[in-house]
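Participant: I'd like to ask some things about the structure below.
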Amino acid sequence: MDQKSSYNSPLNELRPLIYSLPVAILLVVLTWFETVSVANAIIITALIFVSMLYLNRRYEEEIAELRRKTILQEHESRDTRASQFLLTNIMENLTDPFLLLDSRKRILMANKSAIDMLGADILRKDISLFIRNPDVNNAIRKTIRTGKTHTVEYMHGNVVPRNMLVRLHALDIQGSEDNQENKRYIFLSIYDITLIKQAEQMRVDFVANASHELRTPLASILGFVETLQGPAKNDLQAQERFLRIMHDEASRMTRLVDDLLSLSKIEREAHIPPEGTVHLPTLINSVLETLDMRLKERNMTVTVSNPDNVGNITGDFDQLTQVAQNLVDNAIKYGRENTAIDVVLKKHVSEFPIHEESVSIAITNRGNGIPAEHIPRLMERFYRVDTARSRSLGGTGLGLAIVKHIIQRHKGHILFESEVNEYTRVTVTLPYKSG
Ligand SMILES: Nc1ncnc2c1ncn2[C@@H]1O[C@H](COP(=O)(O)OP(=O)(O)O)[C@@H](O)[C@H]1O
Ligand SMILES: [Mg+2]
């Protein structure tokens with residue numbers, strides 16, 4: 001404001017007059033002593049006045065230009081400060097680690113996540129002290145040399161190694177008027193891709209496992225078809241036996257495809273809360289009826305007890321039937337012959353942290369039990385304690401994976417307890433209202 005008022009002062013207009021005044025006075029004195037003629041004095045004063053006028057105009061133009069530049073620079077530096085502040089804040093608040101390196105691989109800037117990951121004392125130090133991976137360091141050197149973007153994957157950490165993806169971008173800053181030198185910086189971003197890698201691996205394993213599971217019965221069916229066409233062409237007895245095996249194998253493939261389809265349907269509906277009312281004792285009884293033949297085959301009995309009078313709960317009838325069917329089926333398959341299976345329904349009320357009512361269904365069978373190391377993996381797709389045994393009993397290895405997904409959708413949980421050569425108990429707990 002001050003500058004502006006001084007530039008525009010009315011003094012500016014008078015400046016040529018003021019500067020010409022001493023010369024004019026001098027000329028008046030000289031004219032008085034008749035050293036200079038009056039005409040010459042007037043001409044000289046006029047000339048000086050005109051030159052002063054001209055110089056003053058130039059001077060004012062220059063001052064105006066200078067003022068425009070100063071205001072522009074002020075704006076620019078305010079903008080630079082604002083964008084620097086914005087950038088630092090954005091970098092700081094990003095959840096992924098970001099670093100800025102100079103062309104000698106030294107860390108110039110690091111956001112909070114980078115410091116959390118690599119340590120507090122990293123500034124001005126060589127990045128290779130903190131990421132000791134040769135691939136990453138080669139890529140950094142290449143980006144510094146060529147200016148090209150590079151992406152590298154590496155494992156970070158020794159105790160719990162994680163899959164990391166590093167992206168490197170070169171940032172070239174042009175030299176300024178006073179410093180012509182161009183500078184190259186490296187912007188390094190790190191992403192934790194462990195979960196993506198795991199999901200990818202699971203998908204690959206799943207396709208491989210599913211194909212393998214389907215190929216086994218298929219190969220066996222093809223083998224028997226060839227035998228029936230060739231060596232066993234006229235052997236009626238063998239034909240009958242082989243056809244029965246082929247029927248069993250085809251049924252196994254059907255079960256497998258059914259389980260796969262039902263798994264994908266459950267996954268599709270995973271985010272839709274189940275609605276509908278299910279009367280649990282009725283559901284258990286109807287499942288036991290469908291499995292009655294199997295129970296008789298193994299001379300097993302089932303006792304159902306419902307001391308708390310559990311009745312209706314919120315849930316999907318078909319899905320909860322699938323849960324009970326799979327769990328009782330396992331109890332029959334993996335339980336010892338001539339033993340009893342117990343099914344116990346119970347009600348639970350918890351007061352803390354919130355009032356919540358739930359019901360549990362515990363299914364206990366006597367048998368070989370499950371060694372503790374297998375328990376955490378039982379619900380993985382195709383995981384079996386004894387694959388050959390499960391296959392020979394007609395299992396697909398998908399039953400518990402289906403159970404897990406249905407229970408997740410109902411916001412319930414499942415617990416396995418077992419003692420080798422004694423018993424296995426599977427307890428499913430479901431909220432009264434699963435919505
Ligand atoms: N009640 C049980 N007693 C002993 N082992 C069990 C029991 N239930 C499940 N398992 C083990 O868990 C594995 C996975 O079960 P599941 O997913 O139902 O597959 P499947 O029954 O088709 O083999 C079974 O192969 C078996 O080894
Ligand atoms: Mg099963």
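Numbering-wise (full-length UniProt numbering), the sequence shown opens with residue 1 and increments by one.
Beta carbons are placed, not taken as given, at the ideal position from N, Cα and C, and that holds for glycine.
Using the Cβ count rule (16 or more neighbours within 10 Å means buried), how would you classify D316?
Facilitator: Buried, by the Cβ-count rule.
Participant: Any residue with its Cβ nearer than 7 Å to a heavy atom of ligand 2 should be included. What is that list in chain order?
Facilitator: Having a Cβ closer than 7 Å to some heavy atom of ligand 2 are N326, D329, N330, K333, G395, G399 and L400.
Participant: Leaving out five residues before and five after E213 in sequence, what residues of the same chain have Cβ atoms less than 6 Å from its Cβ?
Facilitator: Taken in chain order, the residues that qualify are L256.
Participant: Report yes if the CB atom of T45 is closer than 8 Å to the CB atom of S20, and no otherwise.
Facilitator: In this structure, S20 lies closer than 8 Å to T45 by Cβ.
Participant: Distance check for R384 and I332, CA to CA, integer angstroms please.
Facilitator: For I332 and R384, the distance between alpha carbons rounds to 16 Å.
Participant: Going straight from the alpha carbon of R104 to that of K112, what length do you get?
Facilitator: So the two alpha carbons sit approximately 22 Å from each other.
Participant: Can L283 be considered in contact with ligand 1, in the sense that its beta carbon sits closer than 7 Å to one or more heavy atoms?
Facilitator: No, Cβ of L283 sits at least 7 Å from all heavy atoms of ligand 1.
Participant: Looking at the strands, I want to know which residues DSSP matches up with F98.
Facilitator: DSSP lists S189 as partners of F98.
Participant: Could you check whether I144 and I186 sit closer than 8 Å to each other, using their CB atoms as the reference points?
Facilitator: For I186 and I144, yes; Cβs fall inside 8 Å.
Participant: In terms of alpha-carbon separation, which member of L280, L87, I48 and F98 lies closest to P431?
Facilitator: Selected option, being the one with the closest Cα: L280.
Participant: Helix, strand or coil: which one does DSSP assign to F130?
Facilitator: F130 falls in the coil class under three-state DSSP.
Participant: Specify the secondary structure class of D205 as computed by DSSP and reduced to three states.
Facilitator: DSSP places D205 in helix when its eight states are reduced to three.
Participant: Please return the same chain residues whose Cβ sits closer than 8 Å to the Cβ of I245, not counting the five positions on each side in sequence.
Facilitator: Counting only Cβ-Cβ distances below 8 Å, and skipping sequence neighbours, we find S220 and F224.
Participant: On a CA-only basis, which of Y423, T88 and R162 is nearest M117? Give me that one, please.
Facilitator: When each option's Cα is compared against that of M117, the closest is R162.
Participant: T396: buried (16+ other C-beta within 10 angstroms of its C-beta) or exposed?
Facilitator: Buried, because 16 or more other Cβ atoms sit within 10 Å of the Cβ of T396.
Participant: Indicate the three-state DSSP secondary structure (helix, strand or coil) for S39 in the structure shown.
Facilitator: Here the sequence assigns Ala to residue 39, which means Ser is not the residue at that position. In the structure shown, A39 sits in a helix (DSSP, three-state: H, G or I).
Participant: So, are the CB atoms of E422 and G335 less than 8 Å apart?
Facilitator: No, these two residues do not count as a Cβ contact at 8 Å.
Participant: Hey, V343 and V310 are a contact pair by Cβ (cut 8 Å); roughly how many whole angstroms apart?
Facilitator: Not quite, the Cβ-Cβ distance comes to about 11 Å (not below 8 Å), so this is no contact.
Participant: Which term fits H247, buried or exposed, when burial requires 16 or more other beta carbons within 10 angstroms of its beta carbon?
Facilitator: The residue in question, H247, is exposed, as its Cβ has fewer than 16 Cβ neighbours within 10 Å.
Participant: With DSSP as the reference, identify every bridge partner of M109, one or two as the case may be.
Facilitator: Per DSSP, L100.
Participant: How would you call D259, buried or exposed, if buried means at least 16 neighbouring beta carbons within 10 angstroms?
Facilitator: With 16 or more other Cβ atoms within 10 Å, it is buried.
Participant: Under 8 Å Cβ to Cβ from R294, same chain only, skipping five residues before and after it: list those, please.
Facilitator: Contacts found: D329 and I332.
Participant: Under a Cβ-count criterion, where at least 16 other Cβ atoms within 10 Å of its own Cβ denotes burial, should L14 be classed as buried or exposed?
Facilitator: When all chains shown are included, L14 counts as exposed.
Participant: Counting only beta-carbon separations shorter than 8 Å, does N312 have a partner in chain B?
Facilitator: No chain B appears in this structure, which consists of one protein chain only.
Participant: Quick one: residues in its chain with C-beta nearer than 7 Å to the C-beta of T227, no 5 flanking neighbours on either side, listed in chain order?
Facilitator: Once the five neighbours on either side are set aside, the close Cβ partners of T227 are F242.
Participant: When every heavy atom of ligand 1 is checked, does at least one fall within less than 7 Å of the C-beta of D205?
Facilitator: No, Cβ of D205 sits at least 7 Å from all heavy atoms of ligand 1.
Participant: Please tell me whether, using a cut-off of 7 Å, the distance from the CB of P222 to the nearest non-hydrogen atom of ligand 1 is below it.
Facilitator: According to the sequence shown, residue 222 is Leu rather than Pro. No.
Participant: At a threshold of 7 Å, does S390 count as lining ligand 1 (C-beta to nearest heavy atom)?
Facilitator: Within the cutoff, so yes.
Participant: I want to know whether the stretch 297-305 touches the stretch 317-327 - three or more CB-CB distances under 8 Å.
Facilitator: They do not touch, by the three-pair rule.
Participant: Going along the chain, which residues of its own chain have a beta-carbon closer than 8 Å to the beta-carbon of L53, five neighbours each way excluded?
Facilitator: Excluding positions up to five away in sequence, the list reads P16.
Participant: At which residues does the beta strand (DSSP E) containing Q372 begin and terminate?
Facilitator: The sequence shown places Ala at residue 372, rather than the Gln named in the question. Here A372 belongs to no beta strand (DSSP E), and DSSP marks it neither H nor E.
Participant: Across which residues does DSSP place G335 in a beta bridge pair?
Facilitator: Beta-bridge pairing links G335 to G367.
Participant: Applying the 10 Å Cβ sphere with the 16-neighbour rule, what's the burial state of Q3?
Facilitator: Caution applies to Q3, whose pLDDT of 45 falls short of 50 and renders its modelled position unreliable; the model cannot decide the point.
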